[in-house]
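Student: Residue numbers (this note's numbering): 117 to 502.
All residues carry an ideal CB built from backbone N, CA and C; glycine is no exception.
My questions all concern the structure below.
The structure is reproduced here in structure tokens:
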């Protein structure tokens with residue numbers, strides 16, 4: 117890794133807008149922090165499982181990401197008075213003309229904010245894209261750098277986090293904030309899965325991105341079944357209850373439920389993602405005004421194995437090998453690892469997940485035409501999952 121240079125401060129700077137800068141931002145952290153104060157007009161709260169994230173910010177990139185992905189989880193600020201739910205409160209000031217974001221937390225969700233940020237960014241563990249710097253930043257700030265270039269992307273001091281959004285991206289910052297909230301909830305597991313309620317039973321659809329989770333869940337919901345979410349499923353480890361976890365659905369082009377035809381034609385399409393495909397944004401409240409609001413007992417898990425000309429279901433008993441590294445359902449793809457970043461906690465999450473699967477019927481699902489797949493789930497599985 118290139119050695120990080122930390123020359124002495126130059127006497128002339130223009131902060132925090134970076135009109136004229138005589139030193140890189142990571143040598144100006146104290147000045148940026150001092151200048152990042154004052155009232156923040158945008159404030160929102162999001163219920164994520166059993167906990168709440170409260171954010172006040174003037175950083176449009178961050179507020180945009182939160183609204184884009186977690187707008188369906190937003191709750192009224194007035195409803196938070198007297199709510200004893202665990203929560204994380206933070207402010208996020210834009211700096212450097214919007215290039216930087218400075219986050220401050222009211223209380224420490226973990227013992228070391230630096231270790232928490234580093235653990236989140238050091239993936240994959242075998243060859244992480246971001247690592248801790250051997251060099252020290254200015255004024256007691258610790259730096260996290262891009263492994264290949266050595267360029268700093270994050271500086272941390274106590275419970276202040278300064279991020280270079282131009283390099284790290286607001287989406288990754290948003291995901292870290294959400295993960296901090298999920299990590300508070302040791303009695304919940306969060307799976308990379310869609311979930312619905314059929315006849316009073318919670319059904320989870322597990323699969324990697326692009327496997328058909330969203331399409332299948334939305335198609336079932338369009339038939340009057342309860343919609344719990346399309347990407348994150350929240351499970352209580354003690355009772356095996358499935359909780360609603362709404363996120364704004366982002367649908368790829370392709371086969372879809374008949375009820376979405378008007379939305380596909382007239383809806384808002386985002387620019388192509390990393391896979392080269394655009395996404396259609398769908399809000400749960402617009403599509404399914406009576407979507408799930410209360411937990412349901414988990415009664416079945418479908419693992420989306422592949423696409424097929426005709427949909428099919430095959431019952432099986434999951435084993436540890438089904439979630440081994442390299443598998444379609446590898447642990448990192450199946451569990452939203454929020455409180456299990458150390459090897460010990462990751463193992464505990466996996467053990468709890470396997471125990472949950474032992475308590476409910478599991479099956480491989482070969483997804484076909486969305487309506488035909490929904491027919492199969494309704495007619496072949498509904499009665500046996502009560």
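#1: Roughly how many angstroms separate the alpha carbons of residue 313 and residue 140, rounded to a whole number?
#2: Would you call the stretch 171 to 181 and the stretch 241 to 250 in contact, with 3 or more CB pairs under 8 Å?
#3: Per DSSP, residue 162 forms a beta bridge with which residues?
#4: In angstroms with no decimal places, state the Cα-to-Cα distance between residue 299 and residue 210.
#5: Among the candidates 189, 416 and 172, whose CA atom is the shortest distance from the CA of residue 360?
#6: With 16 other CB atoms within 10 Å as the buried threshold, where does residue 495 fall?
#7: Let me know the secondary structure DSSP gives residue 206 once reduced to three states.
#8: Quick check: the Cα distance between residue 137 and residue 158, rounded to an integer number of angstroms?
#9: In angstroms with no decimal places, state the Cα-to-Cα distance between residue 261 and residue 386.
#10: Taking DSSP's pairing of strands, which residues face residue 276 in a bridge?
#11: Taking residue 148 as part of the alpha helix (DSSP H), name the residues at either end of that continuous run.
#12: What is the DSSP secondary structure of residue 142, reduced to helix, strand or coil?
#13: Taking the C-alpha atoms as reference points, what is the distance between residue 353 and residue 303?
#14: For residue 384, which three-state DSSP category applies?
#15: Quick check: the stretch 383 to 399 against the stretch 441 to 449, are at least 3 beta-carbon pairs closer than 8 Å?
#16: Check the C-beta distance from residue 418 over to residue 481 and give it rounded, since I have them as a contact under 8 Å.
#17: Taking 6 Å as the limit between beta carbons, can you name the residues of its chain near residue 222, skipping five residues before and five after?
#18: Could you name the residues that DSSP lists as bridge partners for residue 320?
#19: Taking 8 Å as the limit between beta carbons, can you name the residues of its chain near residue 487, skipping five residues before and five after?
#20: Quick check on this structure: which residue in 296, 279, 350 and 269 has the alpha carbon closest to the alpha carbon of residue 309?
Tutor: On the basis of the supplied data:
#1: 52 Å
#2: no
#3: 169 and 190
#4: 26 Å
#5: 189
#6: exposed
#7: strand
#8: With a pLDDT of only 48 at residue 137, under 50, the local geometry of the prediction cannot be trusted, and no value is derived from it.
#9: 30 Å
#10: 220 and 273
#11: 145 to 151
#12: helix
#13: 6 Å
#14: coil
#15: no
#16: 4 Å
#17: 205
#18: 311 and 417
#19: 335, 373 and 374
#20: 350
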